[in-house]
Amino acid sequence: MKTQVAIIGGGPAGMLLSEILHRAGIHSVVLEQRSREYVLSRIRAGVLEQGTVDVLRANGLGERMDREGHAHDGMKIVWAGRDSFFIDVNKHLGKRFMAYGQTNIQEDLFAAADRRNAAVLTEAEDVQPMDVTTDRPYVTFRYRGEAMRMDCDFIAGCDGFHGVSRKAIPANVLREFEKVYPFGWLGILSKTPPLPDIVYANHPRGFALASMRNPTLSRYYIQVPLDTKIEDWSDDRFWSELKMRYPRELADAIVTGPSIEKSIAPLRSFVAEPMRHGRLFLAGDAAHIVPPTGAKGLNLAVSDVFYLSRALAAFYGQGTTALLDNYSDMALRRVWSSVRTSWYLTNLLHRFPGASDFDQRAQEYELEYLKSSHHAQAALAEQYAGLPFEEAA
Ligand code: APR
Ligand code: PHB
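Here this note's numbering = 1-based position in the sequence shown + 59.
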C-alpha cells in the first residue's frame, strides 16, 4: 500500500488532518486502532475557540456545528459563595467561543470521510512508524489479521498521549515536560437543561464547573481527590456536592437528573519537544496534554493540524519545506501559550491539598484582582478565546 501521508490515529487530530489534506488534493490513509464505535463513545471536550470554529467552517465541517452549537460571549467565575463575575470575551476581543461537543465533531469528521470514501482503516493493530529519518518512511500494521506495510512520504502521529508515534523519537532527541496535579475531575453528562453560561467555581470544598453540549444536554464537573472511586459517587451524591459549591441562586438553577455518563479524569500538563523528527510529525495529544480547566486540548489539536496541513500543502503544491521545517517551533509557541493558560486557571480555581494559608490568600486575591480589573479580564479573555494562528510567512 502507498499513500502520501500516513496518519496514525483517527481521533479529532487525525480525522481533521485527513479531511484538510483531501481538500488540498493530498492523499492520506488513517490507521486507527479502535473501532469507530469506541472512538465515538469517548466523552471529551466541548468548548471551541474562534480559530477552531473558523477551521471547521473553512473545511466544510461547520454546518451541523452552526445549527446545533451554542455560541457564547464569555464565561462566569464564582468563588467562596460570592457573586459571580463575567469574563466578556466578545467585549474584549470581538470573538466568541462555541459550545459543541467533541463527540459531535468526531461524528461530523467520520461522516465527511464517508462522503469522500476516505481511506480510514479502523481496528488496525500494532501500528509502527518505520524509517522516519529517511525520505522513504513507512508504517507497518496488522489489518484483519494480515501483516501490512504502508509506504508514504510523511507520517502524522495523531495517536494521542498513549500512542506509538512519540516513542519513535529517540530519547536523546525528545524532551518531555510534565506536571501532575494532585486531584482529578469527576464529570457527568445529563439530559437536563444546562445553565445559560459556563460557570467556573472555586469553593473551599473544591473546584466545580457547569457546562453544556446543547440546550438539553448538560456537562458538570467537580474536583475530587486522586483516589476517588466512581462507584462511591451516586448521582444524588454528585448533584448534592455540585450544588454546595455554587452560590444559592446558581445552585437552585441547576436542573438535576440521571447521569448518562460519569467518569473521572486525572489532570496533567505535558509537552513533548520537538513535534517533528525527520518525516514524522506529531499533532494533538500525541505531543501535549493540558488540564481541561482551559478547554484547550481539542483546540490545540486543531491548531497543530492547521499548521501541519498548511505545511504539507506548501510541500506538495510549491515544493517548499520551510513550513515543514518551522512546524514544530510554530506549533509549540501556541502549545506553550495554552499550556500556561491551562496551568494558570487550574491554579486559580482549584483547592490544592496541603496549600498553605499564604497560598490560599494569594489565590483569593488573584481572584479579587481578576474580578476588579478590566485589564486582567482582558488578558484572560485573550487567552481563553485563543491566540490568532501565526501567518505562514
Ligand atoms: N495505533 C493506531 N491508533 C492509535 C494508537 C496506535 N498505536 N494509539 C492510539 N490510537 C488512536 C486512539 O484510539 C485515538 O482514537 O489515536 C486516537 C487519538 O485520539 P485522541 O486521543 O482523541 O487525540 P487527538 O486526536 O489528538 O485529540 C485531542 O482528544 O483526548 C482528547 O482532550 C483531548 O480534546 C482533546 C482531543
Ligand atoms: C466542557 O464542556 O466539557 C468543558 C467546558 C469548559 C472547560 C472544560 C470542559 O474549561
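Virtual Cβ for every residue (Gly too), placed ideally from N, Cα, C.
Bridge partners for A158 per DSSP, in chain order? Taking the sequence shown and counting its residues from 1, the one referred to as residue 158 is at position 99. Bridge partners of A158: V106, H129.
Below 6 Å CB to CB, which residues in the same chain sit around G133 once its five sequence neighbours on both sides are set aside? Numbered from its first residue, the sequence shown carries residue 133 at position 74. Excluding residues within five positions, the ones whose Cβ falls inside 6 Å are F145, I146, D147, V148.
With distance defined between alpha-carbon atoms, name the residue in R141, H86, R101, L75 nearest to L120. Locating residue 120 in the sequence shown gives position 61, where the first residue counts as 1. Cα-wise, what sits closest to L120 is L75.
Kindly indicate which residue of E205, P253, P188, R296 has the alpha-carbon position closest to the one of S224. Locating residue 224 in the sequence shown gives position 165, counting from the first residue. Answer by Cα proximity: P188.
Could you check the C-alpha separation between E205 and Q92 for me, to the nearest Å? Position 146 of the sequence shown holds residue 205. Position 33 of the sequence shown holds residue 92. In this structure, the straight-line span from the alpha carbon of E205 to that of Q92 is close to 14 Å.
With burial defined as no fewer than 16 other Cβ atoms inside 10 Å of the residue's Cβ, what is the status of T405: buried or exposed? Along the sequence shown, one-based indexing puts residue 405 at 346. Burial is judged here by how many other beta carbons sit within 10 angstroms of a residue's own beta carbon; T405 has at least 16 and is buried.
For my contact list, A104 and G356 are in at a C-beta cut-off of 8 Å; report their separation, rounded to the angstrom. If you number the sequence shown from 1, residue 104 lands on position 45. If you number the sequence shown from 1, residue 356 lands on position 297. Sure, about 6 Å apart at Cβ, within 8 Å.
Member of R304, I85, I323, H347 whose CA lies at the smallest distance from the CA of G246: Taking the sequence shown and counting its residues from 1, the one referred to as residue 246 is at position 187. Among R304, I85, I323, H347, the Cα nearest to that of G246 is on I323.
Grouping DSSP H, G and I as helix and E and B as strand, with all else coil, what is T352? For this step, residue 352 is matched to residue 293 along the sequence shown. If DSSP states are grouped into helix, strand and coil, T352 belongs with the helices.
Around ligand 2, Cβ to any heavy atom closer than 5 Å, ordered along the chain: Any residue whose Cβ sits closer than 5 Å to a heavy atom of ligand 2 makes the list: G105, V106, S270, R278, P351, A354.
The beta strand (DSSP E) that contains F266, what's its start and end? As a first step, residue 266 is located in the sequence shown; it is residue number 207 there, counting from the start. Residues 265-273.
Secondary structure of D194, DSSP reduced to three states: Position 135 of the sequence shown, counting from 1, holds the residue named residue 194. It is coil, neither helix nor strand.
Determine the DSSP secondary structure at Y305, reduced to helix, strand or coil. Your numbering for residue 305 matches position 246 in the sequence shown. It is coil, neither helix nor strand.
Cβ of Y19 within 8 Å of Cβ of D210? This structure cannot speak to residue 19, because the chain is shown only from 60 to 452.
Our contact map puts S249 next to G316 with C-beta atoms below 8 Å; I'd like the distance itself, whole angstroms only. Position 190 of the sequence shown holds residue 249. Position 257 of the sequence shown holds residue 316. Right, the Cβ-Cβ distance comes to about 5 Å (below 8 Å), so this counts as a contact.
Between which two residues does the beta strand (DSSP E) holding I319 run? Here residue 319 refers to the residue found at position 260 of the sequence shown. Run containing I319: 318-332, per the beta strand (DSSP E) assignment.
So, do the region 228-236 and the region 373-382 have three or more beta carbon pairs nearer to each other than 8 Å? no
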